[in-house]
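Here's the structure we're looking at; comments come further down.
Residue numbers (the numbering used here): 9 to 370.
Shown next as structure tokens:
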């Protein structure tokens, strides 16, 4: 089968949903025999290596670059270079400009794996908002692709640029259920990221405080930030909410496996990876209706899909779950497991390989 050499450019230390997606799908491509590598900017290089030790086991090169000239040297060795964030789009653009200075430079084709609609990260009309919006057209003749229809639609609606759809994935080697776990007491888990306002940490704590006050027999837990980070952000947890702090990527599935309900009360989710990972661990998620969670979440069947801007809607979903019979919760959990089983790394890698090959031939 025809293949293509691929390099993902990822200026990140790893750990986030987008980085996890790129790393695990790079590993999926490598298992298919694709020549794949990753380029990480120098400040994040060491942390990235420690975040994904599996890459070394699969002999996937992780290359460091300090500037456009350094990245240009790596680009010259592949046929397709793929940006993965708005910042990496401009890194790749600068590297291509460096390559074009050479008389016989080997210039790869370029792509942008759109992980989120990044203008939403910044205040409207700010310099970073403008730059994020410019990123979608910054790579001339590039192929853009994304894992949700919502991302494809929002980029086209705001920029008139077509984005190809690929299959999302989660890593089932680490996300799997413990069906022997005792079902009592019920356990509710949430992720808090005080440094990321769109993840709505204060809303999440407000909801957990209400639940903790109403259901004394429900276990309440959070992760994602240290006590010191929460204190600095002015976030006080109720006394009966346990904080596990910042967890390693390998530790999160264990916590999801031991929980019944996962709260993702973000303003929106481009995909909502942790919600789907929770489903694979047998933990029912509450996810925002805004964004791309419809790729996997069906309200009342395998998840609760709510307008997270309404506390009452969130609390109603929690009340519904808590009041369900054990049999009804087990049925919902079964539906969640069946849904999550469809989202494999191999399926995602094959969907990417198809568009890579088509783009390379074109």
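From the three backbone atoms N, C-alpha and C, an ideal C-beta is built for every residue, glycine too.
Look up residue i in the DSSP assignment and say whether it is helix, strand or coil.
i, result
"residue 96", "helix"
"residue 35", "helix"
"residue 144", "helix"
"residue 3", "Residue 3 lies beyond the range of the chain shown here (9 to 370); nothing can be said about it."
"residue 178", "coil"
"residue 58", "helix"
"residue 351", "coil"
"residue 221", "helix"
"residue 279", "coil"
"residue 139", "helix"
"residue 197", "strand"
"residue 123", "coil"
"residue 27", "helix"
"residue 344", "helix"
"residue 189", "coil"
"residue 358", "helix"
"residue 88", "strand"
Going along the chain, which residues of its own chain have a beta-carbon closer than 7 angstroms to the beta-carbon of residue i, five neighbours each way excluded?
i, result
"residue 334", "191"
"residue 80", "103, 106 and 107"
"residue 159", "122, 125, 171, 278 and 300"
"residue 368", "12, 87, 88 and 117"
"residue 295", "272, 277, 280, 283, 301, 305, 311 and 313"
"residue 77", "106"
"residue 52", "19, 20 and 21"
"residue 248", "220 and 228"
"residue 57", "70"
"residue 139", "94"
For residue i, which residues of its own chain have a beta-carbon under 8 angstroms away from its beta-carbon, when the five flanking residues on both sides are left out?
i, result
"residue 162", "125"
"residue 323", "215, 218 and 219"
"residue 187", "290"
"residue 268", "191, 194, 195, 196, 291, 292, 329 and 337"
"residue 206", "128, 129, 274, 275 and 276"
"residue 174", "153, 154, 155, 356, 359, 360 and 363"
Just mark residue i as buried or exposed, buried being the case when its beta carbon has 16 or more other beta carbons within 10 Å.
i, result
"residue 39", "exposed"
"residue 328", "exposed"
"residue 28", "buried"
"residue 320", "exposed"
"residue 168", "exposed"
"residue 33", "buried"
"residue 65", "exposed"
"residue 54", "exposed"
"residue 131", "exposed"
"residue 254", "exposed"
"residue 209", "buried"
"residue 181", "exposed"
"residue 189", "exposed"
"residue 41", "exposed"
"residue 308", "exposed"
Taking 7 angstroms as the threshold (C-beta atoms), are residue j and residue i in contact?
i, j, result
"residue 63", "residue 16", "no"
"residue 273", "residue 201", "no"
"residue 22", "residue 60", "yes"
"residue 92", "residue 30", "yes"
"residue 306", "residue 177", "no"
"residue 310", "residue 344", "yes"
"residue 226", "residue 251", "no"
"residue 50", "residue 74", "yes"
"residue 146", "residue 114", "no"
"residue 143", "residue 97", "yes"
Can you name, in chain order, every residue of its own chain whose Cβ lies under 6 angstroms from the Cβ of residue i, other than the five neighbours on each side?
i, result
"residue 183", "261, 285, 288 and 289"
"residue 371", "The structure shown does not extend to residue 371, since the chain is modelled only from 9 through 370, so no value can be given for it."
"residue 281", "25"
"residue 246", "217 and 220"
Do the region 291-302 and the region 138-158 touch if we need at least three Cβ pairs shorter than 8 angstroms? yes
Looking at C-beta atoms only, is the number of pairs between the region 231-239 and the region 163-171 that lie closer than 8 angstroms three or more? no
Assess contact between the region 14-29 and the region 41-59, defined as three or more Cβ pairs (one per stretch) separated by less than 8 angstroms. Is contact present? yes
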